[in-house]
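One structure is given here, and the rest of the page talks about it.
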């Protein structure tokens, strides 16, 4: 109980201190609002721009979710191919690494050329950022199967398909979900960066990344900071949902979740 | 009367890769209904011998015939109880016991009935919905045995199943294993470090010497089944215990 109170009071106090520092810096260095807006100005800007920001958040969420699902789905299937055939892994893994090493800033214009400005490119960029951790972790999971359990299935004369269904996939689940968690952290960032690099305002409004550019060019600095605030909320929402999924699937049995007295 | 052996090992040799000989010239004939223990110093290849019979590894030389078949083809007749319980951590107790039945394609109604029956036999009827981590080591081993027996194997191979358990739990599980065998008879192969366990459970004890593993002595255990727990305190039992311990010491030197 005491710890619970502390866990709320401590960050609250630290927050107040940081806000104080913020206001103090603004006052001492006489910073104008277009350089450093005060927190209350940011909140006011967020309220004034609420409909634009909400719409932008929706656009970003859509890109993040679609890109995340693509990364998880394609990542899982790719990991299956890599994990079950050493030959496929030896042949293709280096090129997956090459793809991973390729900076998004270089891929973005290519995607725009192929897919045009807007959602498809944003999804592609989010996918590119998120799929590697899924592939790397899940492949590791498929490869590192408990030897004794394999022998158990051997004694049961299990077929290859049964081995995959009853041993490989459940055994790889913790690894896969670790990859999913990382992809979930990266997806909102991917969508915002994608929007920043390849976003468009056709059909009404751009995403958070697009609005960042727009507010910056108009020197609406408080609103620019407000986009950051919205991005944080989206990020927390995303990571929270993914963590919940992780917990739901593993809490009953996995060592990392199980409480031992 | 001539009883055909169920399991025959003839001049079996085993070597891993280019390594030294692990097992050398193992001859053994086991008839249906026997319970044979392998005992010997560490590194004598007793676990390897069990794995050879199970077909989990192949003999370098010599032949193993199980009911007229190679070990690999005879898997249907056998089940293996591993050193640690070797349960799937993501499956509940009942689901773990059910797995071999699922894999061989039993219909679900029969599976459920069989699982319930097996769990009751090993005294874990109430733990069906628990996960393995919620059980003690002894309980996990019971689940493992229930799983092995769910398919009613003709031959049960047990690789030091009770090695990690305390003596009291081990004694209890020994008694339970005998009770289970009285109801669902199987031919048993049992690897152990414990002389008491070997004498209490077996019809025959094969003492192996190390480097390479060779049969050093074969001891017949004359006690009739059912064997009550108190058998372990009788003079006859203690005498055989001493005899087996001596044979083990000889094998070590």
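Residue numbers (my numbering), protein chains in the order written: chain A, 422 to 682; chain B, 10 to 262. For glycine and all other residues, C-beta sits at the position ideal for the given N, C-alpha and C. Nothing here was measured: the structure is a model prediction, and the numbers come from that model.
Run down chain B in chain order and give the residues with a C-beta less than 7 Å from the C-beta of residue i.
i                     : result
residue 679 (chain A) : 142
residue 579 (chain A) : 112
residue 575 (chain A) : 65
residue 673 (chain A) : 140
residue 583 (chain A) : 112
Going by other Cβ atoms of all chains shown within 10 Å of its Cβ, with 16 needed for buried, is residue i buried or exposed?
i                     : result
residue 55 (chain B)  : buried
residue 422 (chain A) : exposed
residue 562 (chain A) : buried
residue 653 (chain A) : exposed
residue 558 (chain A) : buried
residue 520 (chain A) : exposed
residue 129 (chain B) : exposed
residue 169 (chain B) : buried
residue 117 (chain B) : exposed
residue 253 (chain B) : buried
residue 468 (chain A) : exposed
residue 164 (chain B) : buried
residue 4 (chain B)   : The question about residue 4 (chain B) has no answer, for chain B in this structure spans 10 to 262.
residue 451 (chain A) : exposed
Show which residues of chain B have a CB atom less than 9 Å away from the CB atom of residue i.
i                     : result
residue 569 (chain A) : 91, 92, 93 and 95
residue 572 (chain A) : 60, 63, 65, 89, 91 and 95
residue 587 (chain A) : 97, 100, 108, 111 and 112
My assumption, with CB atoms under 8 Å, is that residue i sits in contact with residue j. Please give the rounded CB distance.
i                     : j                     : result
residue 604 (chain A) : residue 489 (chain A) : 6 Å
residue 162 (chain B) : residue 140 (chain B) : That belief does not hold up - the Cβ atoms of residue 162 (chain B) and residue 140 (chain B) are roughly 25 Å apart, past 8 Å.
residue 555 (chain A) : residue 601 (chain A) : 6 Å
residue 96 (chain B)  : residue 105 (chain B) : 5 Å
residue 212 (chain B) : residue 44 (chain B)  : 5 Å
residue 156 (chain B) : residue 187 (chain B) : Not quite, the Cβ-Cβ distance comes to about 19 Å (not below 8 Å), so this is no contact.
residue 100 (chain B) : residue 138 (chain B) : That belief does not hold up - the Cβ atoms of residue 100 (chain B) and residue 138 (chain B) are roughly 11 Å apart, past 8 Å.
Against residue i, what residues of chain A qualify as contacts under a CB-to-CB distance less than 9 Å, listed in chain order?
i                    : result
residue 78 (chain B) : Those do not exist, as residue 78 (chain B) stays about 13 Å from chain A at its closest Cβ, beyond 9 Å.
Sorry if obvious, but does the Cβ on residue i come closer than 7 Å to a heavy atom of the ligand FAD?
i                    : result
residue 43 (chain B) : The ligand FAD is absent from the structure shown, which contains no ligands of any kind.
Counting only the same chain and skipping the five closest in sequence on each side, list residues whose C-beta sits under 6 Å from that of residue i.
i                     : result
residue 643 (chain A) : 458, 462, 463 and 466
residue 682 (chain A) : Reliability fails at residue 682 (chain A), whose pLDDT of 49 lies under 50, so the model's placement of it is uncertain and the value that follows must be treated cautiously. Nothing listed; no residue qualifies.
residue 60 (chain B)  : 66
residue 17 (chain B)  : 38 and 74
residue 78 (chain B)  : none
Can you list, in chain order, the residues of its chain whose CB lies under 7 Å from that of residue i, leaving out five sequence neighbours each side?
i                     : result
residue 678 (chain A) : 668, 671 and 672
residue 40 (chain B)  : 12, 14 and 15
residue 123 (chain B) : 110 and 159
residue 526 (chain A) : 618
residue 42 (chain B)  : 194 and 196
residue 629 (chain A) : 477, 478, 481, 613, 616, 648, 651 and 652
residue 593 (chain A) : 559, 562 and 563
residue 229 (chain B) : 213
Tell me which residues share the same chain as residue i and place their Cβ nearer than 8 Å to its Cβ, disregarding the 5 neighbours each side in the sequence.
i                     : result
residue 151 (chain B) : 131, 132, 133, 182 and 185
residue 98 (chain B)  : 140, 141 and 142
residue 645 (chain A) : 633, 636 and 637
residue 57 (chain B)  : 23, 31, 32, 66 and 222
Can you pull the chain A residues whose beta carbon is under 8 Å from the beta carbon of residue i, in chain order?
i                     : result
residue 116 (chain B) : None at all; the shortest Cβ gap to chain A is about 16 Å.
residue 169 (chain B) : What residue 169 (chain B) touches in chain A: nothing, since even the nearest Cβ is about 13 Å away.
Mind pulling the chain A residues with CB within less than 7 Å of residue i?
i                     : result
residue 158 (chain B) : Correct list: empty, because the minimum Cβ distance to chain A is about 13 Å.
residue 84 (chain B)  : 576 and 578
Anything in chain B within Cβ reach of residue i, meaning under 8 Å, just list it in chain order.
i                     : result
residue 668 (chain A) : None at all; the shortest Cβ gap to chain B is about 15 Å.
*Count the C-beta pairs between the segment 475-494 of chain A and the segment 547-563 of chain A that are closer than 8 Å, then say yes if the count reaches three, no if not.*
yes
*If we count Cβ pairs, one from each stretch, closer than 8 Å, do we get three or more for the segment 208-227 of chain B versus the segment 21-33 of chain B?*
yes
_Measuring CB atoms only, is the segment 608-618 of chain A touching the segment 563-576 of chain A, in the sense that at least three cross pairs come out at less than 8 Å?_
no
*Assess, as a yes-or-no matter, whether the segment 41-53 of chain B is touched by the segment 247-261 of chain B under the definition of 3 or more beta carbon pairs within less than 8 Å.*
yes
*Contact the segment 85-103 of chain B vs the segment 574-581 of chain A: 3+ CB pairs below 8 Å*: yes
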